[in-house]
Every structure is written in C-alpha cells, then in structure tokens.
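*Asks:* Counting with my numbering, you get residues 232 to 525 for the letters of the sequence shown. All residues carry an ideal CB built from backbone N, CA and C; glycine is no exception. This is the structure I have questions about; it appears just below.
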Amino acid sequence: MQGYRGSSSRRRRGRVIRRKEMPLWQELPLLLVVAFCLAVLIRTFLVQAFFIPSGSMENTLLVGDRVLVNKVVYDMRDPVRGEVVVFRGTDSWAPEQPSEPISNTFGAKLGRTIGDLVGVSRPGEKDFIKRVIGLPGDKVACCDDKGRITVNGEPIDEPYLYEDSPLDAPPNPRQCSSRRFAEVTVPQDEMFVMGDHRLVSQDARCQGTVPIDNVIGRAFVVVWPTNRFTSLSVPESWKAYAAAQPVGAAPLGSSPAREPDPGTAAAVLPLLLSVGVSARSGLWFRLRGRRLRS
C-alpha cells in the first residue's frame, strides 16, 4: 500500500496543470488590439507609410505609390545629399494640390483617421516629399553650360529627372517655373530640396530652404503597388560627389552633427518587446491552426 501511495503521489506532483484556452471569439479581438497597438507604436517611433498624392517626384514616385519612411535614421545622423526625405514645410511652403480629388464623406474621413493612426494615410497639407540637394553651407545654383544644377560650383548629373523646367523661362522667385535660379547659400541647420519632376515641382527654388529639424524621416522603399516595389537608394552621381565632399560646406562655428539619441530607442524597444512577448504567449500559435471563412 505504501508503494502504491508513493507512486500515486509522484504522479500528482508531476501532473501538468494546463491553462484553459480562450475561445476564438475572445482571442481574435485581443489579437486585433495587440496588432493595432503595435502598428501605432511602430508608426509613431520607427517606420511610417506615406501615400504619394502628387506628381512632383515622378517618375521616381508616381501618384498612388506608398513608401516606407524611416523615422529614426536622422536621430543618428543628418540627411545626405541625394536622399528622398519627408518633411514638414515651413509657412512659406504652399500645400501641394493632390492629383486626385479627396472624398469628404464620413466613411472616407473615418478611414483616413484610422489610417493616420497606423501610418497608412495621406500626408498632411504641410507634409512634403523631395530629394535633398544641398546641406548647410552649400552654394546651390542653376545652371552650368549643360543646364545642370551646381553644388559648390560642381555640376551634378541627375539621371532621375523627369521633364525638367525650361531653360528659357525667366526666373520667378514665387513660382518654380524656370530651371534657372540665383545661387542660394543654404543656411545653418537647413537643407535645399527639389522634386524629380522639376516642371511641376514647387520646391526650394521658390519656397525656400527647410530646417533639418522639420524632417520626418527618410523614404527608403516603395512598397505599393507591388509591381513597383523598389528601394530608394542614393544615386551614384551623389555618392561620387559625397566622396569628394562628404558634408556640407557649413561655416565655421556652426553646430556639430547631431549625436545618436538613445532616448527614443530606450523608450520604444521595451514596449515593443513586452507587447511582442504577450502576443506570443500562445494566442497566435493557437490561431495558426485555425482558418476563418471569408
């Protein structure tokens, strides 16, 4: 009898107590909430998707394209010439007119509000996407004898250009209708940006330079539509120029390049990790074996 009781006691001690599984109707809303929170955190601190509403960056970016924007890269360093950046325009920048009309129905507004929370909505009226041409201290002008822009006197080949502005149009400080513009010395802590479709782009030629602090992030890849999936790398001509002049010709006494800011990563990564661990606690793996009918 003692041997029997001892065997039974060992079986009880070795018994695994299984946690009661949640039914699907409870798990699914929880997973949706976790996914929504992750999307909001990622959109706020790390990566955000932007919709291209106008043709100012054609044919690099077409109307309707969606790009991913890295929002932390410029916490580590300043922008580089040739990069495509998203930024908030200053008061002198007029909102770009979208190529497609925007619906103002309740459903459309609700969709835009939710999309903005998770980072897949249209940009705001003061959000722009352009290519970095000049850094602090650079002298930007147009044109050389071949109609190219010059940076610190060096002409730049721009293979991405589409429909450049005409050479014979007179310069207009309030309208970017001419290819020619007087030499601009980029102020400290600002940048000179231009669109790739120069004929229609309203950019720094007539709207002024942009503070680097206004940069939201770097557009690094086109993700939609899928047949246009491509990276937005720095063109070879700008890489060659950077090899000779790696930083802007900023005047003496200018502020140094920004140092990495560990605060954002320190605050966000623990949140992402904790939410991710919670999501992996069994809910997701149990759902993998189930199929929902559409």
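#1: DSSP three-state label for Trp324, please.
#2: Name the residue from Arg410, Ser285 and Pro397 whose alpha carbon lies nearest to the alpha carbon of Val371.
#3: Rounded to a whole number of angstroms, what is the C-alpha to C-alpha distance between Arg528 and Asn403?
#4: State buried or exposed for Leu398, treating a residue as buried only when at least 16 other CB atoms are found within 10 Å of its CB.
#5: To the nearest angstrom, how far is the alpha carbon of Val452 from that of Asp420?
#6: Specify the secondary structure class of Ser462 as computed by DSSP and reduced to three states.
#7: Look up Cys437 in the DSSP assignment and say whether it is helix, strand or coil.
#8: Secondary structure at Ala473, three-state DSSP: helix, strand or coil?
#9: By DSSP, does Thr416 sit in helix, in strand, or in coil?
#10: Could you give the first and the last residue of the continuous beta strand (DSSP E) run that contains Met288?
#11: Going straight from the alpha carbon of Ser408 to that of Gly384, what length do you get?
#12: Our contact map puts Val446 next to Val316 with C-beta atoms below 8 angstroms; I'd like the distance itself, whole angstroms only.
#13: By the three-class DSSP mapping on this structure, what secondary structure does Pro442 have?
#14: Could you work out which residue in Tyr391, Glu394, Asp296 and Ala413 is closest to Pro401 when comparing CA atoms only?
#15: Figure out for me which residue from Glu314, Val294, Val278 and Ile283 has the closest Cα to the Cα of Val303.
#16: Would you call the CB atoms of Gly426 and Tyr305 closer than 8 angstroms?
#17: Given this structure, state the Cα-to-Cα distance separating Ser468 from Ile364, to the nearest angstrom.
#18: Between Leu463 and Ala473, how many whole angstroms is the CB-CB distance? I'm expecting something under 8 angstroms.
#19: Can you give the Cα-Cα distance for Gly507 and Leu262, rounded to whole angstroms?
#20: With Asp306 as the anchor, note down where its alpha helix (DSSP H) starts and where it stops.
#21: Quick check on DSSP: helix, strand or coil for Glu252?
#22: Measure the C-alpha to C-alpha separation of Pro260 and Asn301 and round it to an integer number of angstroms.
#23: In the DSSP assignment, find the beta strand (DSSP E) that holds Ala400 and state where it starts and stops.
#24: In chain order, what residues of the same chain have a beta carbon less than 8 angstroms from the beta carbon of Lys377, not counting five sequence neighbours either side?
#25: Does Leu430 come out as helix, strand or coil in the three-state DSSP assignment?
#26: Restricting to Cα atoms, I'd like to know which of Asp444, Arg436 and Phe281 is closest to Met307.
#27: Based on Cα-Cα distance, which residue from Leu255, Ser287, Phe282 and Ala280 lies nearest to Ser396?
#28: What is the rounded straight-line gap between the Cα of Pro456 and the Cα of Thr291?
*Replies:* Reading off the structure:
#1: Residue state, collapsed to three classes: coil.
#2: It is Arg410 whose Cα lies nearest to the Cα of Val371.
#3: For residue 528 there is no data in the structure shown, the boundaries of the chain being 232 and 525.
#4: So Leu398 ends up on the exposed side.
#5: In this model, Val452 and Asp420 are separated by some 26 angstroms (Cα to Cα).
#6: Reduced to three states, the DSSP call for Ser462 is strand.
#7: DSSP, read as helix, strand or coil, puts Cys437 in helix.
#8: Correct three-state label for Ala473: helix.
#9: The answer is strand: DSSP assigns Thr416 an E or B state.
#10: DSSP places Met288 in no beta strand (DSSP E); its state is neither H nor E.
#11: Whole-angstrom Cα-Cα distance: 23 angstroms.
#12: The C-beta separation of Val446 from Val316 comes to about 5 angstroms, placing the pair in contact by the 8 angstroms criterion.
#13: It is a strand residue.
#14: Nearest C-alpha to Pro401: Ala413.
#15: Nearest C-alpha to Val303: Val278.
#16: No, the pair does not count as a contact, with Cβ atoms beyond the cut-off.
#17: Rounded to the nearest angstrom, the two C-alpha atoms are 12 angstroms apart.
#18: Contact flag wrong, Cβ pair sits at about 16 angstroms.
#19: In this prediction, Gly507 scores a pLDDT of 45, lower than 50, which makes its location untrustworthy; no coordinate-derived value is stated.
#20: Its alpha helix (DSSP H) spans residues Val304 to Met307.
#21: Note: Glu252 maps to coil in three-state DSSP.
#22: Going by the C-alpha atoms only, they are around 29 angstroms apart.
#23: Here Ala400 belongs to no beta strand (DSSP E), and DSSP marks it neither H nor E.
#24: Answer for Lys377: Pro386, listed in chain order.
#25: DSSP, reduced to helix, strand and coil, places Leu430 outside both helices and strands of the structure shown, so it counts as coil.
#26: When the alpha-carbon of Met307 is set against those of Asp444, Arg436 and Phe281, the nearest one is in Asp444.
#27: The shortest Cα separation from Ser396 among Leu255, Ser287, Phe282 and Ala280 belongs to Ser287.
#28: The straight-line gap from Cα to Cα measures roughly 13 angstroms.
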